[in-house]
Every structure is written in C-alpha cells, then in structure tokens.
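Residue numbering for the sequence shown follows this note's numbering, beginning at 122 and increasing consecutively.
In this text, a Cβ means the ideal position worked out from N, Cα and C, and glycines have one as well.
Keep in mind that this is a model prediction, so the values were computed, not measured.
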Amino acid sequence: MNELFVRSFSAIAMMLVAIAAAVQGGYYFAVLAAAAATAIYYEWTRIVRGWGVAWNVGGFVYALLPALALLWVRDRAEHGLALLLWIFVVTWATDIGAYFTGRALGRRKLAPSISPGKTVEGLYGGMAGATLLGGGWALLTHLSLTLLVLAPLFALAAQGGDLFESWMKRRANIKDSGNWLPGHGGLLDRLDGLVPVAILTALAVLAGLA
122 MNELFVRSFS
132 AIAMMLVAIA
142 AAVQGGYYFA
152 VLAAAAATAI
162 YYEWTRIVRG
172 WGVAWNVGGF
182 VYALLPALAL
192 LWVRDRAEHG
202 LALLLWIFVV
212 TWATDIGAYF
222 TGRALGRRKL
232 APSISPGKTV
242 EGLYGGMAGA
252 TLLGGGWALL
262 THLSLTLLVL
272 APLFALAAQG
282 GDLFESWMKR
292 RANIKDSGNW
302 LPGHGGLLDR
312 LDGLVPVAIL
322 TALAVLAGLA
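In structure tokens, the structure reads:
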C-alpha cells in the first residue's frame, strides 16, 4: 500500500479522535490526554534507556506538562474549546506544511546532523501553514488577535520539538520512538511538536496574551 496513503489515513484517524474527545471534553478528553502522556513517557524511557535517572525524570515532566496544559486550556481558559482546537490546528498545519513544502521545494538542509530529511523550505512552509490556518481559525472563532502573531512563533517551537526528538533518536540509534502507528512510528513521533505548542499556549493564556 502506498506509504503516503497509509500515513495520511493514520493521521486523519488520529485527528478525528482528538477532535471528538476535545469536543466532548470532561472524562473523554481527560482519558485521551492521560493515555497520550502515558504512551509518550513509555516511548521516552525506551529511547533514553541507559542514559541515567535524570533523563527518566525529565521524561516524566515532558509527558505530564503538555497533558496538564491541554486539560487546563480546555476546562479553565476562556473560549477553551476553540483555543484547544487552535493548538491542534497550529501543530497539524505545521507538520503538514513542513512535510509537503519540504518534499516539493526542499533544497537546503535544516539540521543535517540531526534530521537529514528536514529542510529550511519545509520550516518556512510549516510556519506559513500555521499562520494561515491558525490565524484563520482564530479569526473565525473570535479568539485573541495576538494568536495571529503567536501562530508562526509556536510553529517554530513545534519544529524545534520535532528536532529535539530527532536528536534523541539519533543518539539512541533508533529510527522511530515506537511502531504502533502505521506510517508514523510511535506516538511521540507524532506529538513531539504538540508538546511545546500546548505548554506555550497555556503560558500565553496565563500571561493574558491569548
């Protein structure tokens, strides 16, 4: 089966599950966030096996903070559902924009020693996608206009999260964080960009910027 088809089908399925749980909120979204955090921590410990206790403790924080941030945004922030979906839109638009722009136009390597497949053009494409779709969603749902400025900055953070996980995998000499997502590898491979976006959005709300 075509790899792009498998990758796209898996991604759409994950998006639909996330959106459905977000809309339901409450117990459903809490269970999803807890399950994602557990899977992230499990995959993290698999990557850092033998690196020392500090890395395991860091992984616990890494998995817990974005889950708490997402739950807090959904249940406590003004316009919580719209803002939670904005987080998803920015993260997904960054991934999709970077992937397709990089494939079509990518020439200059972004970080060849860490992730040879990523390009500068892909970085710009991801930031552009997040700006357009994240900004569009913010305008459509009457969220703070500050989010139009934050979208490309958070897209940059998302790609930084992706590169950080790529660095970890390269150090551990493994290709994927797991093997349970067809076309994607592990859950951490898909959520590494969501981690910084979720945390930064919660901080922006606390700072009165969103």
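- Within the same chain, Cβ atoms closer than 8 Å to the Cβ of THR267 are found at ALA325, LEU330 and ALA331, the five residues on either side in sequence being excluded.
- Between the segment 126-137 and the segment 197-204, the count of Cβ pairs shorter than 8 Å is below three; the stretches do not touch.
- Counting the other CB atoms within 10 Å of its CB gives VAL211 a total of 16 or more, which places it among the buried residues.
- LYS296 sits in coil when the DSSP states are folded into three classes, being neither helix nor strand.
- Note that the segment 162-181 does not touch the segment 237-250; fewer than 3 beta-carbon pairs, one per stretch, sit closer than 8 Å.
- With a cut-off of 8 Å on Cβ pairs, the segment 179-190 is in contact with the segment 313-320, counting three or more such pairs.
- In this structure, the straight-line span from the alpha carbon of LEU244 to that of ALA219 is close to 6 Å.
- Short of 6 Å from the beta carbon of ALA142, and not among the five residues preceding or following it, lie these beta carbons of its own chain, in chain order: TYR149, PHE150 and LEU153.
- Between ARG311 and ILE161, the alpha-carbon positions lie close to 10 Å from each other.
- Bridge pairing for ALA232: SER236 [DSSP].
- Fewer than three beta-carbon pairs drawn from the segment 220-227 and the segment 272-283 are found closer than 8 Å, and the two stretches are therefore not classed as touching.
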